[in-house]
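FYI, in mature numbering (1 follows the signal peptide of the UniProt record, and there is no 0) the residues of the sequence shown are -23 to -1, 1 to 320.
Cβ atoms here follow ideal geometry from the backbone N, Cα and C, with glycine treated the same way.
Below: one structure, written as structure tokens.
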Amino acid sequence: MSLPPLSLRARITALTAATAVLAAVAVGYTVAAADGDGRPAASAAAPGLTLDKAPGLYHASRKGNVLSTPYSPSGTETADGARSRKTGLSCNRFYASGGSAVCIANHPGLSQKTKVTVLDRELDTRETVVVGGIPNRARVSPSGRMVAWTLFVSGDSYASSSFSTRSGILDTRTGYLVKNVETLQLYIEGRRYHAPDVNYWGITFADDDNRFYATVATKGKTYLVEGDMRTWKARTLRRNAECPSLSPDGTRIAFKKRVRKGTQDPWRLHVLDLGTMRETPLAETRSVDDQAAWLDDSTLAYSLPGRAKGTSDIWTVPADAPATGPRLLLSDASSPSMVQGGG
């Protein structure tokens, strides 16, 4: 199974070295582990920095520091030399929307765990959840109410030659927590489906805080699913679609599609029109192992490996036919998240 920076990556066979391998995989496209006790740091925050007062492109550096950098659609305000402001957070993955943010970071202990920290618009902690696994994906709904995460895990009885994932959802308004979305009633191509190897990852929310999209994998196949929080059901929309990301206008989904067999550069970014179910390959022809983020209705951002080992860079590409190629936005950066003024 492949995943997303964090995706299900290609299948890894060295289960005897599970913790070490997973850690290396997680860092490859993301950032270093959180410091000390795994809590988001607060001492380095810029005075008065809030999601309202510091709109722009939020991202994580190689060392795990979350920064806010000015951004304009033309890119003229965003460059490696642009003035970035520290949030004081240290995260493997970060995402902000609707006046809320989520920071997921490695949590210390004998077993591999992740601390999920939900933050308000002042970047103060609202809630924390500790769950087993290695940080992989994080998303917040447009309203800021719903928070989701995906983690790498090992030890599932069916996963003798690959790692698995666990995805969770938190409703910050009601406090309702789903630690494992595998309890969803799943319908594959119209029929109720049960299997022990079902895995979900890469959740993305619609603006009604009820509908969401995700990847589900089973029997060596991946599907794009549409989920419903109220009924707790999910149905497949199409095959071969991973790491979905819903556009701000709610009409399209960016995803990575497997276009080559094997584990070497297998994916290409596409955009799916939900009205026509027509897909469009984007101008980025390199293999992108990430859950792309929409900076606006016409631009996608994503991470690719940097020149130096263990680093990554943020690139952008138009979310339409490949008329304009990809552009380097920030070096030594990952986990892009666009925050508009006013939270």
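Inspect the beta-carbon positions of residue i and residue j and report whether they are closer than 7 Å.
i	j	result
Gly110	Arg143	yes
Met123	Phe71	no
Tyr200	Thr208	no
Val95	Thr64	no
Ser120	Asp186	yes
Leu223	Lys233	no
Val79	Ala115	yes
Gly302	Ala260	yes
Ala296	Ser311	no
Glu99	Thr27	yes
Gly145	Trp126	yes
Determine the DSSP secondary structure at residue i, reduced to helix, strand or coil.
i	result
Thr151	coil
Thr160	helix
Val79	strand
Val4	Only weak support is given to the placement of Val4: the predicted model assigns it a pLDDT of 31, under 50, and the value that follows is read from those uncertain coordinates. Looking at Val4 - three-state DSSP - the assignment turns out to be helix.
Glu104	strand
Thr301	coil
Cys220	strand
Leu306	strand
Phe140	coil
Asp273	strand
Asn187	coil
Arg259	The question names Arg, yet the displayed sequence has Leu at residue 259. Here Leu259 sits in coil by DSSP.
Asn113	strand
Met206	coil
Ser314	strand
Thr27	coil
Gly167	coil
Arg98	coil
Use the C-beta contact count for residue i: other C-beta atoms within 10 angstroms, 16 or more gives buried, fewer gives exposed.
i	result
Gly167	exposed
Lys286	exposed
Pro313	buried
Ser61	buried
Pro173	exposed
Val93	buried
Lys238	exposed
Asp266	buried
Asp290	buried
Arg304	exposed
Ala300	exposed
Val107	exposed
Skipping 5 residues on each side, what residues in its chain have a beta carbon closer than 8 Å to that of residue i?
i	result
Tyr170	Leu163, Tyr164 and Thr195
Arg235	Ser(-22), Thr199, Asn217, Glu219, Pro243 and Trp244
Quick one: residues in its chain with C-beta nearer than 6 Å to the C-beta of residue i, no 5 flanking neighbours on either side, listed in chain order?
i	result
Pro32	Val316, Gln317 and Gly318
Thr288	Arg39 and Asp309
Leu249	Ile230 and Glu256
Lys210	Gln162
Which residue or residues does DSSP assign as beta-bridge partners of residue i?
i	result
Lys63	Leu44
Pro225	DSSP output for Pro225 lists no bridge partner at all.
Met123	Asp148
Skipping 5 residues on each side, what residues in its chain have a beta carbon closer than 7 Å to that of residue i?
i	result
Ser88	Gly109
Leu251	Thr228, Arg229 and Ile230
Gly283	Ser289, Asp290, Ser308 and Asp309
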